[in-house]
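Reading through the structure tokens given below for one structure.
Residue numbers (the numbering used here): 321 to 551.
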């Protein structure tokens, strides 16, 4: 597992630097028109984590490294756990980098706001807003990887991309119909609204727990599917 994580890091090391630079430029470009720093963390984290996950799997498939790893003293379970661990690590680092950029860009924009006639209010750092942003970002990443990686583990990157969009649309329809038609839907929405407005820290903790559970379940399913895949 550790060997796979280290191998993925070496493979993507240069790309991570490029992704960080591109993400920082995009974050600045997005935050200026919107007038807020709350969009920086999601922009940086999602772009870095998803791009890295897709790239490392695509490189494996293109260069035939999957078959090469099968000849090494590594079980398929170790390979997939290492891959999922690497993606999780990159996601956490990307979120931290997004937070750092939020503080830096927020401080700079507040400093130059009087000179360039910019409203500094949106660039003020709010701990609760950043907490909500981090939790929402991690949930989005967990869902993105959680849905995509089992398909990639079973069918490979090229074939999985044919189904990912369809699966996302199907999940959206199922969730929307379930919430809209169920008698418990309005109750659930009201309970979530009460939880978020009355107990924001608890709501963030619950969101993080859900994100972790989704990711762990996805890793377990991906490991099982990868063990049955034929190269």
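Beta carbons are placed, not taken as given, at the ideal position from N, Cα and C, and that holds for glycine.
As the structure is a computational prediction, the values presented were derived from the model and not from experiment.
### Rounded distance between the beta-carbons of residue 323 and residue 402, thought under 8 angstroms
Stepping through the chain shown from its first residue, residue 402 is reached at position 82. Stepping through the chain shown from its first residue, residue 323 is reached at position 3. Correct: roughly 7 angstroms between the Cβ atoms.
### Query
Nearest-angstrom Cα distance between residue 325 and residue 419?
Counting from one through the chain shown, the residue named residue 325 turns up at place 5. Counting from one through the chain shown, the residue named residue 419 turns up at place 99. The straight-line gap from Cα to Cα measures roughly 24 angstroms.
### Message
For residue 395 and residue 467, what's the separation of their Cα atoms in angstroms?
### Response
Along the chain shown, one-based indexing puts residue 395 at 75. Along the chain shown, one-based indexing puts residue 467 at 147. So the two alpha carbons sit approximately 23 angstroms from each other.
### Own chain residues within Cβ distance below 6 angstroms of residue 433, not counting five before or after
Reading the chain shown from its first residue, position 113 is the one you call residue 433. So the qualifying residues of the chain are 440.
### Other residues of its chain near residue 410: CB distance less than 6 angstroms, five sequence neighbours each side excluded
The residue you call residue 410 lines up with position 90 of the chain shown. So the qualifying residues of the chain are 369, 372.
### Query
How is the alpha helix (DSSP H) around residue 554 delimited, first residue to last?
Missing from the structure shown is residue 554; the chain here goes from 321 to 551 and no further.
### Message
Quick check: what's the CA-CA separation for residue 429 versus residue 415?
### Response
Indexing the chain shown from 1 puts residue 429 at position 109. Indexing the chain shown from 1 puts residue 415 at position 95. When rounded, the distance between both Cα atoms is 21 angstroms.
### Query
Taking C-alpha atoms, which residue in 542, 443, 399 lies nearest to residue 321?
Position 1 of the chain shown, counted from the first residue, corresponds to residue 321. The shortest C-alpha separation from residue 321 is found at 399.
### Task
Let me know the secondary structure DSSP gives residue 510 once reduced to three states.
Working through the chain shown from its first residue, we reach residue 510 at position 190. Three-state DSSP puts residue 510 in a helix.
### Query
What's the gap between the Cα of residue 456 and the Cα of residue 547?
Working through the chain shown from its first residue, we reach residue 456 at position 136. Working through the chain shown from its first residue, we reach residue 547 at position 227. When rounded, the distance between both Cα atoms is 32 angstroms.
#### Entry: With 16 other Cβ atoms within 10 Å as the buried cut-off, status of residue 362
The residue labelled residue 362 in the question sits at position 42 within the chain shown. The residue in question, residue 362, is buried, as its Cβ has 16 or more Cβ neighbours within 10 Å.
### Query
What is the DSSP secondary structure of residue 444, counted as helix, strand or coil?
Numbered from 1 along the chain shown, position 124 holds the residue referred to as residue 444. In this structure, residue 444 counts as coil in the three-state DSSP scheme.
#### Entry: Extent of the continuous alpha helix (DSSP H) run through residue 485
By one-based count along the chain shown, residue 485 stands at place 165. Unbroken alpha helix (DSSP H) run through residue 485: 477-501.
### 8 angstroms Cβ cutoff met for residue 367 and residue 469
Here residue 367 refers to the residue found at position 47 when the chain shown is read from its first residue. Here residue 469 refers to the residue found at position 149 when the chain shown is read from its first residue. Cβ atoms of residue 367 and residue 469: not closer than 8 angstroms.
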